[in-house]
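116 is the number that UniProt numbering gives to position 116 of the sequence shown; each next residue is one higher, with no gaps. Heads up, the beta-carbon is just placed ideally off N, CA and C, and yes, glycines get one too. Source: prediction; values computed, not measured. Everything on this sheet refers to the single structure shown next.
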Amino acid sequence: MSAELTAGALAAARNGDTKSLITLRISELKQNAAAKWVFKAMDGSGGVMEGVLASQVARALAAGELPLREGDVVRVSNYSCMQFDSAHKLVVNALEVAASDSGAARDQAAPGAPASAAPGTPGAARTPASKPAMNTPGPTPSPSEHERRTPMPLPLSPVRGGPAAAAAAPPAPSPAAAPIAVRETRANVQPIAALNPYDTQWTIKAKVVRKLPLRSFSGRGGQQQRTFSVELADAQGGQIAATLWREAVDKYYDSMSEGKVYYFSKFNVKVANKQYATLRNDYEIHADGRTEVEEAADQGGIDVSVAADIVPLDRLPAYIGRKTNVDVLGVVLALGPPGTVKRRADNSELPRRDVTIGDTSGRSVVLTLWNDNAHSPLLEGAEGQCLQVTSVRVGDFNGCSASSGMRSTLTLNPETKEGKELRDWYAADGASASFTPLGQAAAAGGEGGRRNKIGFLSDVVVEGPDLPAPDAKATYATLHATVVAINPDQTMYYLANPTSGKKVVEQEGRYWSESEGKFVDSAEHRYVLSAKVADASGEAYVNLFNKEAQLVMGASADDVAALRAGGDEGDARYRAALKAARWQTYVLNVQARSREYQGERRMRYTVMQAYPLDYATESQRLLAAITGQS
C-alpha cells in the first residue's frame, strides 16, 4: 500500500466526512500538561490540523505497542473532528504506522509475517513489527470483508467473568416490549475500546456478559422511573457498562438476555463514575428511547469466560479504601461453613461464606462471599484447587480482607496462564508452604491495616451547598496532617470523673456528676481540644479528645491546667507549650459528620485516632503502594 498522503483529508474531516481511510504525516508529537498525547497532522494538500490520541491509542503508544515517532506517516481508520472553542481538532481512535520519518514504507503484512522498524529508531528496539493501534477498519467493499478482518491483540481492558444467572426475576412484560430483531451483519462496527464522548455515531457488536436487576427510583416531581444496567464485551477484549433508561427499559429489558450478542447503536458515551464503576473503562454507555439494539445472527467470536486482571495477594493492602474493585486468584486453603447475617434495614437473612486463599507470594487472605456466590456449587470440595473471583472489594477488617460484590463471578481452576502457573506451583512447592495472613503483615507494618490507605483532608472536608444531611452517615479518612494553630483562649479541658470520664463540677470539696447522679471524691482534667491542621489539599479545624490531644500537646490536661493557673510565669510557659505543639505531623483518622446548630448546618471533624509519624513505617507503606500500582 502506498504511503502517499491523502489530499484534502483534513478539510473533509472539518466538513464532517470521517468515514474514509486517510493517510497523514504526524509532527510535534508530545504530551501536554493534561498528560494527553497531542500532535499536528498534515495531509496531501498541505492542510494542517492539531490532534489528540484517544486513550486506547495513547496506552498502546506508552506500552511500546505502537511504534509512532515524530515525522511518521500514518493510516487513520477511525477518527472524528471536534471543535474546541474556535479551533478544530482531530481525535484519533485507531491508526497504524505506514512509513517512518526516513521514508521507509511499512506496508501492512499478513498476521504473523515479520516486519521491522527503520534502523536506529526507538521503535526498532521495542517492537519487532509495526502494529496498528486499533483494528477499527476504514471503508470496506462489503460488510463481509469487514467481518473477516483480524483483530489486533492490543493490551486492552480485560473482560471479567462469564455469564451468570439473573439475580432476580424480571417484572411482568411492558406493553411496549417486543422481541429484539435479528440482524445478519452491520457495517461500520467499532470496537468498544474506540468509544469516546466526542462522537455519537457509534455502532458496536458486543455480548451481554451480565444483566443486572431492574431498579426503580423517583425522578423529577416524584415520578417513579426504571433503569437497568448490562456489562458488555466485544471480540477485541474491550468491556464497558451500559445503562438503559426510560423507554429503552420498556423496549429491551424483557427481551435482552445474558450471553447473547447484539448490535448497539444510537447511544451516548459518557465518562464513567469511578465511585460506582467496576469495569476498567474510562467511559460508559447511556441508552434511551432512540437507542437501537438488534440481535446478531452470528453469536460466536466473543469468548469472555476466563479473562481477568489478577492482582497478587501481597499487593491487596495498597487497594484498601480505594473506589475500585480487583480480581484475585488463589489456592483455597480453608473453606468456612455457610452462614447468614441479618440486615438491619429489613431483618432479612443475607447468605455469606468465608474462603481463605493463598498464592505464590506466601500471603493469604480471608475472602467473604455473599448472596448466590456463598452457595456456589463450585466451592464444594474446592480445598487445594485454584479459585478466581472477579470484582472484589478490598477492606481493612482484621488488617486486610476481601469481599465479593453483586457483580463478582467465581471460576474454579481457570484455564489461564496465571491459573496454570499457580496450579503448577502448588503441586510442586505450595502444598507444603506456610502462608502469612495479610492482616498480620499489615499489623506488623504499622497500627493495623487502617493506615495502609492514606488520604487527604479534601476526602472528608465539605463546604458550601454540598453539606450532607445531619442524619447522613459519617465519612472517614486516614491522613497525614500537620498542626498549624491552637487557639490559646479556648476552653480546652474540663473536670471529669477519673473512672468514667463524665463531666463533674466541684461542690464543697467533692465533685458532682450530673449524668451519673452521684458525688465522687476526686477529679481530673480531660482535653476537648480544637486545633487547626493542614495537609497538601487544604486545612480544617478538628476536635481532639483526651488521648489524642495529650499526644499533640505532649502533656496531660492536668499539667496544662496547672500552667494556666500559674500567673504570668505559668501563662508564658503555657503559650510556649502551645507553640511547641505546632508544626508537628501526625497520622490522623478523621471522622466527618454533619450537625445542625440553631438552624445552621455545619460539618464537625473529629480525630478518632492519632499516631506519631513513623518515617520507616511510612516509607514501607509508600513502597508497597507504588508496587501495588505498577
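Backbone CA spacing between residue i and residue j [nearest angstrom]
i           : j      : result
Glu516      : Gly509 : 18 angstroms
Gly47       : Met82  : 16 angstroms
Arg353      : Leu335 : 8 angstroms
Ala133      : Val189 : Confidence in Ala133 is poor, its pLDDT being 46 and thus under 50, which makes the residue's placement too unreliable to answer from.
Ala296      : Gly8   : 37 angstroms
Trp370      : Asp535 : 38 angstroms
residue 649 : Gly538 : Examination of residue 649 is not possible in this model, given that the chain is present from 1 through 630 alone.
Arg210      : Tyr494 : 58 angstroms
Lys503      : Ile454 : 35 angstroms
Thr416      : Asp359 : 15 angstroms
Ser255      : Glu292 : 13 angstroms
Leu66       : Leu412 : 35 angstroms
Ser216      : Val271 : 23 angstroms
Leu95       : Ser55  : 13 angstroms
Leu156      : Ala62  : Confidence in Leu156 is poor, its pLDDT being 36 and thus under 50, which makes the residue's placement too unreliable to answer from.
Asp43       : Asp298 : 38 angstroms
Leu438      : Ala496 : 41 angstroms
Thr499      : Tyr511 : 13 angstroms
Arg582      : Asn487 : 11 angstroms
residue 652 : Gly554 : Outside the displayed span of the chain (1 to 630) sits residue 652, for which this structure offers no information.
Asn93       : Tyr198 : 11 angstroms
Ala577      : Tyr611 : 19 angstroms
Residue i (DSSP reduced to helix, strand or coil)
i           : result
Thr606      : strand
Pro137      : For Pro137, the pLDDT reaches just 40, beneath the cut-off of 50, and the residue's location in the model is therefore unreliable, although a value from the coordinates is still provided. Pro137 falls in the coil class under three-state DSSP.
Ala206      : strand
Gln56       : helix
Thr360      : coil
Arg344      : coil
Asp424      : helix
residue 631 : Nothing about residue 631 can be read from this structure; the chain reaches only from 1 to 630.
residue 631 : It is not possible to answer for residue 631, since the shown part of the chain is limited to 1 through 630.
Arg352      : strand
Pro9        : Checking the displayed sequence, the identity of residue 9 turns out to be Ala instead of Pro. Reduced to three states, the DSSP call for Ala9 is helix.
Thr416      : coil
Ser408      : coil
Gly64       : coil
Ile240      : strand
Pro437      : strand
Phe39       : strand
Ala402      : strand
Val460      : coil
Ala3        : coil
Glu50       : strand
Ile626      : helix
Ser432      : helix
Lys251      : helix
Ser142      : Because the pLDDT at Ser142 is just 38, under 50, the model does not fix this residue reliably, and the point stays unresolved.
Expected contact under 8 angstroms - CB spacing of residue i and residue j to nearest Å
i      : j      : result
Ala624 : Pro312 : Not a contact, Cβ separation roughly 12 angstroms.
Gly362 : Ala428 : Actually they do not touch by this definition, with Cβ atoms about 15 angstroms apart.
Tyr574 : Asn546 : 18 angstroms between Cβ atoms; not a contact.
Val208 : Glu258 : 5 angstroms
Ile357 : Leu333 : 6 angstroms
Proximity below 9 angstroms, CB of residue i to CB of residue j
i      : j      : result
Val341 : Glu349 : yes
Gly330 : Leu422 : yes
Ala531 : Glu506 : no
Ala194 : Gly301 : no
Pro414 : Ala374 : no
Ile192 : Ala233 : yes
Asn398 : Thr478 : no
Met49  : Ala60  : no
Val533 : Val520 : no
Ser229 : Leu244 : yes
Ser80  : Val91  : yes
Ala13  : Ile22  : yes
Gln385 : Leu410 : no
Arg220 : Tyr253 : no
Asp309 : Asp327 : yes
Arg593 : Ala474 : yes
Ala33  : Val73  : no
Contact test: residue i Cβ vs the ligand PLP heavy atom, cutoff 8 angstroms
i      : result
Ser408 : Looking for the ligand PLP in the displayed structure turns up nothing, as the structure carries no ligands at all.
Beta carbon proximity, residue i to chain C, threshold 9 angstroms
i      : result
Glu284 : The structure shown has no chain C; it contains just one protein chain.
Review point. Fully enclosed by the UniProt domain "Replication factor A C-terminal" (476 to 622), which beta strand (DSSP E) runs are 3 residues long or longer?
Key: Fully enclosed beta strand (DSSP E) runs of 3 or longer: 493 to 496, 505 to 507, 510 to 513, 518 to 520, 524 to 535, 538 to 545, 585 to 597 and 600 to 612.
Point to revise | Any beta strand (DSSP E) of 3 or more consecutive residues that is wholly inside the region 11 to 37 | key: 22 to 31
**Study point:** Start-end ranges of the beta strand (DSSP E) lying completely within the region 75 to 101, minimum 3 residues
**Key:** Within the region 75 to 101, the complete beta strand (DSSP E) runs of at least 3 residues are 87 to 99.
Check your understanding: Which runs of the beta strand (DSSP E) fall wholly inside the region 254 to 326 and span at least 3 residues, in chain order?
Key -> Fully enclosed beta strand (DSSP E) runs of 3 or longer: 261 to 265, 268 to 271, 283 to 287 and 292 to 296.
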